[in-house]
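Chains as they are written, first to last, in the numbering used here: chain E, 1 to 145; chain C, 146 to 290.
Number of protein chains: 2
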Amino acid sequence: MSDKLSDTVTRAWVRLVRARHAVVSAVETDAKEAGVLPVEWYDVLWDLERHEDGVRPFELEQRLLFAQYNLSRLIDRMVEAGLVKKVACPSDKRGHMLFATDAGRKARKATWPHYARAVNKHLGDKLTDVETEKLAALLGKLLEK
Amino acid sequence: MSDKLSDTVTRAWVRLVRARHAVVSAVETDAKEAGVLPVEWYDVLWDLERHEDGVRPFELEQRLLFAQYNLSRLIDRMVEAGLVKKVACPSDKRGHMLFATDAGRKARKATWPHYARAVNKHLGDKLTDVETEKLAALLGKLLEK
DNA sequence: TGCAGGTTGATGCAGTTGCATCTATATAGA
DNA sequence: TCTATATAGATGCAACTGCATCAACCTGCA
Chain E
1 MSDKLSDTVT RAWVRLVRAR HAVVSAVETD AKEAGVLPVE WYDVLWDLER
51 HEDGVRPFEL EQRLLFAQYN LSRLIDRMVE AGLVKKVACP SDKRGHMLFA
101 TDAGRKARKA TWPHYARAVN KHLGDKLTDV ETEKLAALLG KLLEK
Chain C
146 MSDKLSDTVT RAWVRLVRAR HAVVSAVETD AKEAGVLPVE WYDVLWDLER
196 HEDGVRPFEL EQRLLFAQYN LSRLIDRMVE AGLVKKVACP SDKRGHMLFA
246 TDAGRKARKA TWPHYARAVN KHLGDKLTDV ETEKLAALLG KLLEK
């Protein structure tokens with residue numbers, strides 16, 4: 001393991017940070033202007049909709065890479081906002097199951113086209129299909145092991 | 146501009162967010178364990194070292210993509226920590242010039258090998274040189290205009 | 001020159017994050 | 001069964017971020 005960084009690796013590192021920052025902040029700015037849900041809220045709701053039988057917070061934590069204490073409070077806010085429902089978990093008294101409420105489903109649905117548009121604009125439109133595929137593949141390698 | 150997101154674009158978007166998160170948080174964990182400077186501190190110092198004649202905060206803001214209010218306070222903390230020196234700007238009484246102190250230079254230098262190792266480990270070693278080059282090129286396209 | 005509008009940087013405040021720690025419950029093993 | 005250890009989730013506190021706004025200063029133009 002070297003203490004030297006090649007120029008190539010350095011460039012990839014810097015650009016990974018910057019490109020993500022550029023894309024995410026552009027998308028979030030668009031979302032904010034449209035007055036729709038923040039990305040994390042969207043992601044949580046989307047996960048809950050795909051798992052209709054209820055989701056334990058720790059599952060969400062693993063799938064969406066949240067810090068435990070952040071997720072705990074995010075869920076509180078979403079419950080407060082009426083988008084998520086918390087139900088005591090019958091099989092584990094420490095925990096609870098989470099469900100999207102109707103309002104949550106509705107809000108997510110209304111949010112979706114804004115994200116689609118923004119992601120297309122700030123990411124999809126800047127690359128050809130082949131390039132996008134390649135990018136996803138390379139990023140995937142960074143996520144392995 | 147479509148309200149539909151292709152699977153490919155979606156995958157690239159998700160992985161951009163996750164890969165950056167995975168790499169950055171792994172690198173920061175290593176840095177924290179080693180007790181060296183946080184990345185933003187490193188970046189600021191590095192920029193100051195490369196511009197020996199002093200840097201205006203707004204330049205730093207543009208080059209390193211900081212929010213103005215965050216940078217303002219980050220600089221205060223770094224001045225407080227003795228790593229950065231603030232000098233009234235002779236040509237513009239609103240602003241000041243920033244310089245790295247000797248302690249700042251020393252801290253940055255001590256930090257460097259840890260980042261190099263961590264970035265190699267969490268990014269460089271996961272891709273071939275050609276792949277890294279390609280990744281940097283594709284990410285670069287996301288940063289254009 | 002004098003003023004309108006822009007730029008630089010700071011800051012009060014509310015909301016969020018990170019860390020450490022706590023409680024309650026579950027589970028594995030003596 | 002009883003205990004030790006692990007896991008799920010919450011929370012107090014300090015630090016940080018985002019927003020809005022401010023004061024000071026600069027610049028261009030009438």
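Ideal Cβ positions, reconstructed from N, Cα and C, are used throughout, including at glycine.
Span separating the alpha-carbon of residue 82 of chain E from that of residue 260 of chain C: 43 angstroms
Cβ-Cβ separation, residue 11 of chain E to residue 281 of chain C (assumed contact under 8 angstroms), whole Å: 4 angstroms
For residue 177 of chain C, three-class secondary structure by DSSP: helix
Residues in the region 3 to 34 of chain E having any Cβ partner in chain C nearer than 9 angstroms: Residues passing the 9 angstroms Cβ filter: 3, 4, 5, 6, 8, 9, 10, 11, 12, 13, 14, 15, 16, 17, 18, 19, 20, 21, 22, 23, 24, 25 and 27.
Beta carbon proximity, residue 200 of chain C to chain E, threshold 8 angstroms: no
Assigned exposure category for residue 235 of chain C - 16 Cβ within 10 Å defines buried: exposed
Residue environment, residue 239 of chain C, which counts as buried when at least 16 other CB atoms sit within 10 Å: exposed
Alpha-carbon to alpha-carbon, residue 138 of chain E and residue 221 of chain C: Roughly 39 angstroms separates the two Cα atoms.
Any chain C beta carbon closer than 8 angstroms to residue 71 of chain E: no
Interface partners of residue 279 of chain C on chain E, CB under 8 angstroms: 134 and 138
Nearest residue (CA-CA) to residue 108 of chain E, options E/120, E/46 and E/130: It is E/46.
Where residue 267 of chain C falls, given that 16 or more other Cβ within 10 Å makes a residue buried: It counts as buried.
At least three beta-carbon pairs within less than 8 angstroms, the region 240 to 247 of chain C to the region 96 to 106 of chain E: Cβ pair count under 8 angstroms is below three, so no.
Residues that DSSP places opposite residue 107 of chain C in a beta bridge: Nothing about residue 107 of chain C can be read from this structure; chain C reaches only from 146 to 290.
Proximity winner among E/25, E/73 and E/85, relative to residue 39 of chain E (alpha-carbon distances): E/25
Of the listed residues E/44, E/15 and E/119, nearest to residue 84 of chain E (C-alpha basis): E/44
Exposure label - residue 124 of chain E; buried when at least 16 CB within 10 Å: buried
Contacts that residue 264 of chain C makes with chain E (C-beta to C-beta distance below 8 angstroms): Simply 5, 9, 10 and 13.
8 angstroms contact criterion, which residue 71 of chain E and residue 61 of chain E should meet: CB distance rounded: 5 angstroms
Residues bridged to residue 184 of chain C (per DSSP): The partner list for residue 184 of chain C (beta bridge, DSSP) is empty, contrary to what the question assumes.
Within chain C, partners of residue 116 of chain E - CB distance below 8 angstroms: Per Cβ cutoff of 8 angstroms: 147, 148, 149 and 150.
7 angstroms Cβ shell around residue 161 of chain C - same chain, five flanking residues per side excluded: none
Contact check, residue 36 of chain E vs residue 128 of chain E, beta carbons under 8 angstroms: no
Alpha helix (DSSP H) segment containing residue 72 of chain E, residue limits: It spans 68 to 80 - the alpha helix (DSSP H) in which residue 72 of chain E sits, taken as one unbroken run.
Separation of residue 172 of chain C from residue 263 of chain C, as counted between CA atoms: 5 angstroms
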